[in-house]
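All residue numbers for the sequence shown refer to my numbering, where the first residue is 64 and numbers rise by one. Written out below as structure tokens is the structure these notes cover.
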Amino acid sequence: MRLRALLETDALGLRLLGGQDELDRTVRGVMTTDLRDPSRYLSGGELVLTGLAWRRDASDSEPFVRILAGAGVAGLAAGEAELGDIPADLVEACDHHRLPLFAVHETVAFATITEHVVRQVSGERAGDLAAVVDRHRRLMTSGPAGGGPEVVLDLLTSDLDLRAWVLSPTGRQIAGAGTPLPGPLGATLAGHHLAATRTGRRAPHRAAVAGTTYSLFPIRNTGRGAVPAARDVRESVLSDWLLAVEADASDWPAARLDLLQGVTQLIAVERDRREAARTVRRRLAQEVLELVQAGAAPAEIAARLRVAAPVLLPGLGVAPQWQVVVARVDWTAADATAPGGVPGDIAGGPVAQALLEEILVDPAVSGPDSADRIAVAHTGEEAIALVPLPAGPAPLLDTVGDATDTDADAGLPADGDGAVRETGTGTPAAAGAGTGTGAGAKPGTGAAPTAAAQDPALHADALLAAVREPLSAGLADDGRLTLGVSAAVHSAEGLRGALEEARHARRVAAARPGRVCAAGHHELASHVLLLPFVPDDVRRAFTARLLDPLRDYDRRHRAELIETLEAFLDCDGSWTRCAARLHLHVNTLRYRVGRIEQLTGRDLSRLEDKLDFFLALRMS
Numbered sequence: 064m065r066l067r068a069l070l071e072t073d074a075l076g077l078r079l080l081g082g083q084d085e086l087d088r089t090v091r092g093v094m095t096t097d098l099r100d101p102s103r104y105l106s107g108g109e110l111v112l113t114g115l116a117w118r119r120d121a122s123d124s125e126p127f128v129r130i131l132a133g134a135g136v137a138g139l140a141a142g143e144a145e146l147g148d149i150p151a152d153l154v155e156a157c158d159h160h161r162l163p164l165f166a167v168h169e170t171v172a173f174a175t176i177t178e179h180v181v182r183q184v185s186g187e188r189a190g191d192l193a194a195v196v197d198r199h200r201r202l203m204t205s206g207p208a209g210g211g212p213e214v215v216l217d218l219l220t221s222d223l224d225l226r227a228w229v230l231s232p233t234g235r236q237i238a239g240a241g242t243p244l245p246g247p248l249g250a251t252l253a254g255h256h257l258a259a260t261r262t263g264r265r266a267p268h269r270a271a272v273a274g275t276t277y278s279l280f281p282i283r284n285t286g287r288g289a290v291p292a293a294r295d296v297r298e299s300v301l302s303d304w305l306l307a308v309e310a311d312a313s314d315w316p317a318a319r320l321d322l323l324q325g326v327t328q329l330i331a332v333e334r335d336r337r338e339a340a341r342t343v344r345r346r347l348a349q350e351v352l353e354l355v356q357a358g359a360a361p362a363e364i365a366a367r368l369r370v371a372a373p374v375l376l377p378g379l380g381v382a383p384q385w386q387v388v389v390a391r392v393d394w395t396a397a398d399a400t401a402p403g404g405v406p407g408d409i410a411g412g413p414v415a416q417a418l419l420e421e422i423l424v425d426p427a428v429s430g431p432d433s434a435d436r437i438a439v440a441h442t443g444e445e446a447i448a449l450v451p452l453p454a455g456p457a458p459l460l461d462t463v464g465d466a467t468d469t470d471a472d473a474g475l476p477a478d479g480d481g482a483v484r485e486t487g488t489g490t491p492a493a494a495g496a497g498t499g500t501g502a503g504a505k506p507g508t509g510a511a512p513t514a515a516a517q518d519p520a521l522h523a524d525a526l527l528a529a530v531r532e533p534l535s536a537g538l539a540d541d542g543r544l545t546l547g548v549s550a551a552v553h554s555a556e557g558l559r560g561a562l563e564e565a566r567h568a569r570r571v572a573a574a575r576p577g578r579v580c581a582a583g584h585h586e587l588a589s590h591v592l593l594l595p596f597v598p599d600d601v602r603r604a605f606t607a608r609l610l611d612p613l614r615d616y617d618r619r620h621r622a623e624l625i626e627t628l629e630a631f632l633d634c635d636g637s638w639t640r641c642a643a644r645l646h647l648h649v650n651t652l653r654y655r656v657g658r659i660e661q662l663t664g665r666d667l668s669r670l671e672d673k674l675d676f677f678l679a680l681r682m683s
């Protein structure tokens, strides 16, 4: 039964004091207590009745309510017979922990409420109890050891006509029965789940997407032998799997919710088994990392790589290339859902390690085994991935844009952002998979795609493209993920440099705004490396001095001088190409450029002045 039903029963004399948004919680039982710590007698889902004898002063309310919330009770009902009005400190504590609080009128006995709840709960469970027991038995005998999560989901489909999928925290499908879940939908559902988890809302979480309702269940092993629960939700929120069910569980009977909780337990056991299988790969990465950081001889590192390669790239007959990826997760504020939690209490390395193992998997590849070639270690607050690539050409670099038509005074790169950029923009690939789509040509140039489509190397922006939405939800307002990617190296001698390169790229990413940021090795040889470290006041003064006169003139005369300046620089100072791009006569263009020079006192035929304008536009 639901808490709402109790409130609607006049004979019980309940008055709601807080928790209006939580009245759809399911009540599975009732308990009367005046113990200061009744947790040993709670199993979750109870309506707790108390006469407040445990309360000596206002400071007692917070720990009592925290214990109840941690045990997963449905609600708290406090009697008015002892103290009259319910103390404000108890109301405040329940509101902080999102625990519904009721006042019980002094004329109503707790026994009356207990009898009503037991009668209602027993009646709802009686009709389906035998079927639940039978299904649980079948799930236990046909579970992970007999075919993995798919077997469990098949039973949900055949027995209960429920379509369900197991998803990673980025929305990648781990398992599913029947039609695969589209990638964007998986990412959206994962984002809903992570956002709800961060706010402390009680599962299952409800998400409506494109007219379809889904219920989202966390997958955590709480049974015997399980890993102890995290003290702070942020320690596990970015690594836990979830079960997405195409149904609205808000009106399900308790028996069906119990069944789904049993399903998540079975899948959690399978997840823990696969997590344990990562130990070997993590140990290999850790050993190589320690050798590299200690300055070991290249021959010693190479010997360790020869051991690692068959594990990470089974069947590969040639020595691979390697890339290094560095990730860091930083928290900037304490989470209200974790009592006593402060950022310094969270070990960032393990969080970043689990997250990087997920990010490096191709989102187009389903199944839990697609991460079997990812080796990630962690040291301090960083996670460091050693990514093997099939032997082949080094990552392609190409100057994007057509630079064949330049005038003698052209002093800037053909690309509008002035950077030599990696052309491979494919989806993230599991190590060695090489699934990049390689959209190598700049739109509008008519250039043919480059050979980057065959480039197996990882690219910083592409790594995060498919996972940015859900990860941003999980990081919420107090977390940041920054990631740096090195160039590919062909031997053990290059790994130390690759590690430092990836770390430096991550620091460049950290200097940018946003919850999820990445930078690649190519940006370390560009002005992009310098701009993030320019102080804000210097940026503002520099851009104002050069661009404010043009902006003011544009506001008054609609002259489009800023647009003209950007196009002129993007065309490397070519009068003919710039005039064609802006659909202007060359003489009109010359008039506008002359006006820019007059307003700013600069000369756009000089390389130094072109460069100043270029940087001002990039920083504005």
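Heads up, the beta-carbon is just placed ideally off N, CA and C, and yes, glycines get one too.
Counterpart residues of residue i in DSSP-defined beta bridges
i    : result
L449 : V387, A438
I282 : W304
D393 : R543
R78  : A166
V111 : M94, L139
T275 : V272
T89  : R65
Q356 : Answer is none; Q356 lacks a bridge partner.
G412 : None, per the DSSP bridge assignment.
Q236 : L230
Residue i CB to nearest heavy atom of the ligand SAH below 7 Å
i    : result
V388 : For the ligand SAH, the structure offers nothing, since it holds no ligand at all.
CB-CB length for residue i against residue j, believed under 8 Å
i    : j    : result
A141 : T113 : 6 Å
A523 : A581 : 4 Å
A622 : R655 : 7 Å
G537 : L301 : 5 Å
D541 : W394 : 5 Å
Under the three-state DSSP convention, the category residue i falls into
i    : result
W315 : coil
G424 : The sequence as given places Val at residue 424; Gly does not occur at that position. Looking at V424 - three-state DSSP - the assignment turns out to be coil, as it is neither helix nor strand.
G537 : helix
M94  : strand
D120 : coil
E444 : coil
R269 : strand
L322 : helix
A504 : Any reading at A504 must be qualified, since the residue scores a pLDDT of 33, below 50, and its modelled position is unreliable; no value is offered.
C580 : strand
G657 : helix
L652 : helix
L529 : First, the amino acid is wrong: residue 529 is Ala here, not Leu. Note: A529 maps to coil in three-state DSSP.
G249 : helix
V552 : strand
L146 : coil
V180 : helix
T462 : Confidence at T462 is low in this model, with a pLDDT of 29, below 50, so the placement of that residue should be treated as unreliable; the coordinate-derived value is given next. In the structure shown, T462 sits in coil (DSSP, three-state: anything other than H, G, I, E or B).
Nearest to residue i (by Cα), restricted to the options the options
i    : options                : result
V579 : L534, R559, T170, R608 : L534
A250 : I364, L527, R669, R345 : L527
V326 : V355, A357, L279       : L279
G583 : A565, R640, L538, G636 : A565
D599 : R614, M682, D540       : M682
R559 : A365, D148, W117       : A365
V90  : S106, D540, R608       : S106
C157 : L538, A622, E85, D224  : E85
L153 : I176, R119, E178       : R119
H585 : A574, A561, I659, R608 : A561
S554 : P373, R367, V389       : R367
A174 : A137, S231, P245, T95  : T95
L146 : R369, E556, A121       : A121
L110 : D97, V93, P576         : V93
T663 : A679, V649, H179       : A679
Exercise for the section: Specify whether the segment 259-272 and the segment 569-576 touch according to this definition: at least 3 beta carbon pairs, one from each stretch, less than 8 Å apart. Expected result: no
Practice task
Give a yes or no on contact between the segment 211-218 and the segment 237-245, applying the rule of three or more CB pairs nearer than 8 Å.
Solution key: Contact check between the segment 211-218 and the segment 237-245: three or more CB pairs, one atom from each, fall below 8 Å, which counts as touching.
Handout entry: Touch test, the segment 325-344 against the segment 241-261, Cβ-Cβ under 8 Å, three pairs minimum
Key = no
Handout entry: the segment 218-226 contacting the segment 295-304, beta-carbon criterion three pairs below 8 Å
Key = Contact fails: fewer than three Cβ-Cβ distances are below 8 Å.
Practice task
Determine contact between the segment 305-315 and the segment 336-351, defined as no fewer than three beta-carbon pairs at a distance below 8 Å.
Solution key: no
Practice task
Say whether the segment 546-558 touches the segment 268-275, bearing in mind that this needs 3 or more beta-carbon pairs closer than 8 Å, one atom from each stretch.
Solution key: no
Exercise for the section: Specify whether the segment 131-149 and the segment 96-109 touch according to this definition: at least 3 beta carbon pairs, one from each stretch, less than 8 Å apart. Expected result: yes
Exercise for the section: Could you tell me whether the segment 604-620 touches the segment 634-649, using the rule of 3 or more Cβ pairs below 8 Å? Expected result: no
Practice task
Report yes or no: do three or more beta-carbon pairs, one from the segment 356-364 and one from the segment 413-427, lie closer than 8 Å?
Solution key: no
Handout entry: At least three beta-carbon pairs within less than 8 Å, the segment 152-163 to the segment 73-84
Key = yes
Problem - Cβ contact check for the segment 615-627 and the segment 668-676: 3 or more pairs under 8 Å - result: No, they do not touch.
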